[in-house]
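Student: If you count the sequence shown from 1, you need to add 15 to reach the working numbering. Glycine residues also receive a C-beta, built at the ideal position from the N, C-alpha and C atoms.
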Amino acid sequence: MDFQALLDGIDTDLRPELGREGQVASYIPALARVPVAQFGIALRTCAGEEAAAGDSAVPFSIQSVSKLFTLTLAIRLLGDALWERIHREPSGNPFNSLLQLESEQGVPRNPFINAGAIAVADRLLSTLGARAKDGLLEMLSGLAGEPIGFDAEVAASEGATGFRNIALANFMKSFGKLDNDAAAVLDLYFHQCALRMSCRQLARAAGYLCRDGAHPQGQAEPVLSERQTRRVNALMLTCGTYDAAGEFAYRIGLPCKSGVGGGIVAVVPDRLTLCVWSPAVDASGNSLLGTRALELFASRSGLSIF
Ligand code: GLN
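1) Just to confirm before moving on: does the CB-CB distance between Ala45 and Ala57 stay below 7 Å?
2) Restricting to Cα atoms, I'd like to know which of Arg59, Ala298 and Leu193 is closest to Ile133.
3) Among Gln38, Thr60, Ala298 and Leu289, which has the Cα closest to the Cα of Leu309?
4) Does the distance from the CB of Ile101 to the CB of Pro123 come in under 7 Å?
5) Relative to the ligand GLN, is the shortest distance from any of its heavy atoms to the C-beta of Asn180 smaller than 6 Å?
6) Quick one: any contact between the region 256–265 and the region 32–45, if contact means 3 or more CB pairs under 8 Å?
7) Got a sec? Which residues, its chain only, sit under 7 Å from Asp137 by beta carbon, not counting five neighbours each side?
8) Measure the Cβ-Cβ separation of Asp209 and Asp149 and say whether it is below 7 Å.
9) Taking C-beta to C-beta, are Ile25 and Gly278 nearer than 7 Å?
10) Contact criterion: CB-CB distance below 7 Å. Does Ser156 meet it with respect to chain C?
11) Sorry if obvious, but does the Cβ on Ser79 come closer than 6 Å to a heavy atom of the ligand GLN?
12) Counting only the same chain and skipping the five closest in sequence on each side, list residues whose C-beta sits under 8 Å from that of Gly228.
13) If you measure between the beta carbons of Asn111 and Asn129, is that distance less than 7 Å?
14) Does the ligand GLN have even one heavy atom less than 6 Å from the beta-carbon of Asn185?
15) Tell me whether Ala298, by its Cβ, gets closer than 6 Å to a heavy atom of the ligand SAM.
16) Fully enclosed by the region 221–258, which alpha helix (DSSP H) runs are 4 residues long or longer?
17) Cys208: beta carbon under 6 Å from a heavy atom of the ligand GLN?
18) Rounded to whole angstroms, what's the CA-CA distance from Arg315 to Gln234? Just pull it up for me.
19) Could you spell out where the beta strand (DSSP E) holding Ile56 opens and where it closes?
20) Once DSSP output is grouped into helix, strand and coil, what is the label at Ala167?
21) Assuming Phe84 contacts Cys254 under a Cβ cut-off of 8 Å, what Cβ separation, rounded to an integer in Å, is found between them?
22) Spatial neighbours of Thr87 within its chain, please: CB distance less than 7 Å, with the 5 preceding and 5 following residues excluded, ordered by chain position.
23) Can you list, in chain order, the residues of its chain with a C-beta nearer than 7 Å to that of Arg226? Leave out the 5 residues immediately preceding and following it.
24) According to DSSP, Cys290 sits in a beta bridge with which residue or residues?
25) My parser needs the beta strand (DSSP E) runs of 3 or more residues fully inside the region 33–112; what are they?
26) Where does Val275 sit, in a helix, a strand or coil, going by DSSP?
27) Answer yes or no: the CB of Phe110 versus the heavy atoms of the ligand GLN, is any distance below 6 Å?
28) Can you say whether Leu21 is buried or exposed, counting buried as having 16 or more other CB atoms within 10 angstroms of its CB?
29) Sorry if obvious, but does the Cβ on Asn129 come closer than 6 Å to a heavy atom of the ligand GLN?
30) What are the partner residues of Ser302, as DSSP defines its beta bridges?
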């Protein structure tokens with residue numbers, strides 16, 4: 016398949032739509048300033064072939080796409096013990112909802128909604144302590160094959176206005192479901208959301224997800240086992256795009272993880288990883304043009320897990 020021609024075609028067809036629909040996430044002030052008229056797409060095959068189009072080298076705030084990597088790090092460190100405080104069911108609710116936490120005694124529905132990612136951050140902090148942020152950067156830089164960093168302005172912006180996340184962390188703490196201080200857990204969570212990466216870097220870094228856990232830069236030690244990788248992909252399909260996960264499975268048919276910065280990582284198991292980015296998001300917090308691009312990719316390539 017000529018992947019470069021495929022991505023060029025998607026870029027050409029979607030570019031006229033830039034800025035027409037959706038809005039950048041404005042509840043995080045630093046994200047509200049991102050110019051809306053940008054679109055990037057990049058992929059990397061299991062064999063290492065790469066293709067990219069549009070603004071594929073522009074770094075953006077990966078936001079909840081980071082939940083994929085903190086989950087991966089937590090599974091590496093804790094194995095199945097991670098699941099003592101996190102369920103694995105789709106929530107059917109917005110990513111920042113408090114509703115189910117009350118009736119489910121502070122145990123989040125899944126690791127890809129905010130409450131679940133805060134619970135994962137708590138476990139990372141218990142295991143890695145003050146090295147948690149550096150540990151995350153080290154893992155990501157190793158996966159991407161180049162240095163990855165935090166956007167300090169975005170992290171500070173989230174810290175100053177993340178009242179829902181502050182509420183979620185304190186609510187879980189009240190149920191005895193966080194081991195660490197809520198403020199310390201939130202500091203890690205806000206930083207992971209503020210990771211800056213481009214589509215190209217994300218397509219590379221997520222490469223283990225299409226290769227049964229093998230390290231995308233060829234390191235001998237796998238990132239995850241084959242079984243763990245399959246399960247992360249299952250969680251992406253069922254929970255990776257919040258209350259739109261059913262619609263994503265229907266329209267695209269690939270495991271995906273989105274972020275409110277407009278990035279979406281998708282996996283074609285045994286074939287490739289793909290990343291799209293365009294900052295305007297829909298009501299569920301998923302990139303509007305990114306979703307359209309993935310839909311075009313799946314229909315034009317015929318690649319889907321179904
Ligand atoms: N930082 C964002 C938040 O906590 C992440 C949410 C998202 O990307 N969906 O609200």
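Tutor: In this structure, then:
1) At the C-beta level, Ala45 and Ala57 stay beyond 7 Å of one another.
2) Leu193
3) Leu289
4) yes
5) yes
6) no
7) Apart from sequence neighbours up to five positions away, the residues of its chain that approach Asp137 with a beta-carbon distance below 7 Å are Leu193, Asp194, Asn195 and Val200, ordered along the chain.
8) As written in the sequence, residue 209 is Ala, which differs from the Asp given in the question. Not closer than 7 Å, so no.
9) no
10) The question asks about chain C, but that chain is absent: this structure has only one protein chain.
11) yes
12) Pro237, Val238, Leu239, Ser240, Glu241, Gln243 and Thr244
13) yes
14) no
15) Among the ligands present in this structure, namely the ligand GLN, the ligand SAM is not found.
16) 241–254
17) Answer for Cys208: yes, Cβ within range of the ligand GLN.
18) 33 Å
19) Gly55 to Thr60
20) helix
21) Contact flag wrong, Cβ pair sits at about 15 Å.
22) Val238, Leu239 and Val247
23) Cys61
24) Ala57 and Val280
25) Note on the region 33–112: whole beta strand (DSSP E) runs with a minimum of 3 residues are 55–60 and 65–69, in chain order.
26) Coil, per DSSP.
27) yes
28) Flag for Leu21 reads buried.
29) yes
30) Val296
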